[in-house]
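0 is the number of the first residue of the sequence shown in numbering that gives the first Met the number 0; add one for each residue after it.
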Amino acid sequence: MSQLPSPDPDQIEASRRLSVRIAAAIEAGDGWIGFDDWMARALYEPGLGYYAGGSRKFGAAGDFVTAPELSPLFGRCVAAQLAQWFGQGAAATVYEFGAGTGALAASVLQALDGQGFGELRYRIVELSGELRERQRATLAERVPGALARVDWLDSLPERIEGVVLGNELLDAMPVRLFRLADGQVFERGVALEAGGFVFADRPADPSFAAAVRAALDAAGWAEQGGWPDGYCSELGEQAAAWVESVGRRLVRGALLLIDYGFPSAEFYHPQRDQGTLICHYRHRAHHDPLWLPGVQDISAHVDFSAVDAAASRAGLAPLGYCSQAGFLIGCGLLELAGALPRDDAIEWARQASA
Numbered sequence: 000m001s002q003l004p005s006p007d008p009d010q011i012e013a014s015r016r017l018s019v020r021i022a023a024a025i026e027a028g029d030g031w032i033g034f035d036d037w038m039a040r041a042l043y044e045p046g047l048g049y050y051a052g053g054s055r056k057f058g059a060a061g062d063f064v065t066a067p068e069l070s071p072l073f074g075r076c077v078a079a080q081l082a083q084w085f086g087q088g089a090a091a092t093v094y095e096f097g098a099g100t101g102a103l104a105a106s107v108l109q110a111l112d113g114q115g116f117g118e119l120r121y122r123i124v125e126l127s128g129e130l131r132e133r134q135r136a137t138l139a140e141r142v143p144g145a146l147a148r149v150d151w152l153d154s155l156p157e158r159i160e161g162v163v164l165g166n167e168l169l170d171a172m173p174v175r176l177f178r179l180a181d182g183q184v185f186e187r188g189v190a191l192e193a194g195g196f197v198f199a200d201r202p203a204d205p206s207f208a209a210a211v212r213a214a215l216d217a218a219g220w221a222e223q224g225g226w227p228d229g230y231c232s233e234l235g236e237q238a239a240a241w242v243e244s245v246g247r248r249l250v251r252g253a254l255l256l257i258d259y260g261f262p263s264a265e266f267y268h269p270q271r272d273q274g275t276l277i278c279h280y281r282h283r284a285h286h287d288p289l290w291l292p293g294v295q296d297i298s299a300h301v302d303f304s305a306v307d308a309a310a311s312r313a314g315l316a317p318l319g320y321c322s323q324a325g326f327l328i329g330c331g332l333l334e335l336a337g338a339l340p341r342d343d344a345i346e347w348a349r350q351a352s353a
């Protein structure tokens, strides 16, 4: 990975410690763990995983930038949609799952403040203690008067009334990998070789093989005459399970998810034969998820058709499905940008195009 910037010594040491833990798990698993297990440990292992450690992840000094970091206009557009759903005079509760730096929460709270809601509460579900502190600092700096209306939760409550918000959430949930060969489904996992980590395939268990075949059939592969040998992709079981779980808890309200992805026919397109898995480190993208676990972000695009099916199983009905550009324009982005001072509009346009 010579094209990537060199990690600092602290990152290398933290990755070494995490690698020892993962290697022990592989040895305990008879020499193999599924890639979903690997991804969960690389991202969320307490104290060492990418999202559970103390490294800076977002913004110019981190590994990637999300839309709320570029401009508060993104949050104002989200707030416009929330305000339409809540209606004036009603109690309004927002549950944001995985709030990053808190930039989106700050923009939404600032935009919703003073709009006549009976009671406005913002609840952030965040597992990372380091990110909680960053979120608290962001809110204290940008909307200090709103801090009293913000709570941090370890998990979603059993009953939810309000809007559940997830921005670039599902793409960070662990996925299982598969490869097709000789008419069979293989699960791709991780093993040890010469002191390092390598991909290793094994025949998929019957339930996973059936799930893969069902996903490909839903994508229209049966009409295309079969499966090409060597085809690799992902199955986002955890993302679908999360959506279904939230849907069953949602007694009144809505679920707003903003993420990268495709409907199933595009997600499992025959030409997308290496899947969608991607890694980010210091604003460079690459395709080796086994490189320095805990140091880089790992994500996979979302199968929107599978998410829709999971929501339907939970009794939810779709309110809309569109591109991010369509959503923002529909929520008044052009009008908001037109009302900005000229210098602010130029600067935010420059950042958005970067």
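Here a beta-carbon is modelled for each residue, glycine too, at the ideal position from N, C-alpha and C.
Three-state secondary structure (DSSP) of residue i
i, result
"residue 253", "strand"
"residue 76", "helix"
"residue 290", "coil"
"residue 51", "coil"
"residue 116", "coil"
"residue 17", "helix"
"residue 59", "Its pLDDT being 48, under 50, residue 59 is placed unreliably in this model, and the value from its coordinates should be taken loosely. Note: residue 59 maps to coil in three-state DSSP."
"residue 9", "helix"
"residue 161", "strand"
"residue 218", "coil"
"residue 43", "helix"
"residue 240", "helix"
"residue 66", "helix"
"residue 28", "coil"
"residue 265", "helix"
"residue 101", "coil"
"residue 91", "strand"
"residue 33", "strand"
"residue 225", "coil"
"residue 86", "coil"
From the options, residue whose alpha carbon lies closest to that of residue i
i, options, result
"residue 279", "185, 264, 292 and 183", "292"
"residue 314", "3, 253, 270 and 298", "253"
"residue 21", "47, 307, 6 and 4", "47"
"residue 35", "106, 177, 131 and 45", "177"
"residue 255", "167, 262 and 222", "167"
"residue 129", "237, 43 and 312", "43"
"residue 296", "156, 29 and 52", "52"
"residue 274", "39, 282 and 260", "260"
"residue 151", "317, 101, 340 and 223", "101"
"residue 5", "317, 282 and 330", "282"
"residue 172", "276, 19, 121 and 89", "276"
"residue 320", "19, 12 and 304", "304"
"residue 269", "325, 120, 229 and 157", "229"
"residue 89", "118, 237 and 37", "118"
Counterpart residues of residue i in DSSP-defined beta bridges
i, result
"residue 298", "277"
"residue 332", "Answer by DSSP bridge pairing: none, since residue 332 is not bridged."
"residue 185", "178 and 202"
"residue 232", "177"
"residue 282", "Answer is none; residue 282 lacks a bridge partner."
"residue 191", "196"
"residue 320", "Residue 320 is not bridged to any residue."
"residue 260", "301"
"residue 96", "124"
Inter-residue CB distance, residue i and residue j (contact presumed, cutoff 8 Å)
i, j, result
"residue 50", "residue 163", "Actually they are not in contact, since the Cβ atoms of residue 50 and residue 163 sit about 19 Å apart, beyond 8 Å."
"residue 203", "residue 190", "That pair is no contact at about 16 Å."
"residue 356", "residue 266", "Since the first and last residues shown for the chain are 0 and 353, residue 356 lies out of range."
"residue 91", "residue 98", "With a Cβ gap of about 17 Å, residue 91 and residue 98 do not count as contacting."
"residue 174", "residue 234", "6 Å"
"residue 108", "residue 142", "5 Å"
"residue 306", "residue 242", "5 Å"
"residue 77", "residue 155", "Not confirmed; about 19 Å, so no contact."
"residue 218", "residue 184", "Not quite, the Cβ-Cβ distance comes to about 14 Å (not below 8 Å), so this is no contact."
"residue 74", "residue 106", "2 Å"
"residue 87", "residue 114", "7 Å"
Report the residue ranges of all beta strand (DSSP E) runs contained in full by the stretch 118 to 158; include only those spanning at least 3 residues, in chain order.
-> 118 to 124 and 149 to 152
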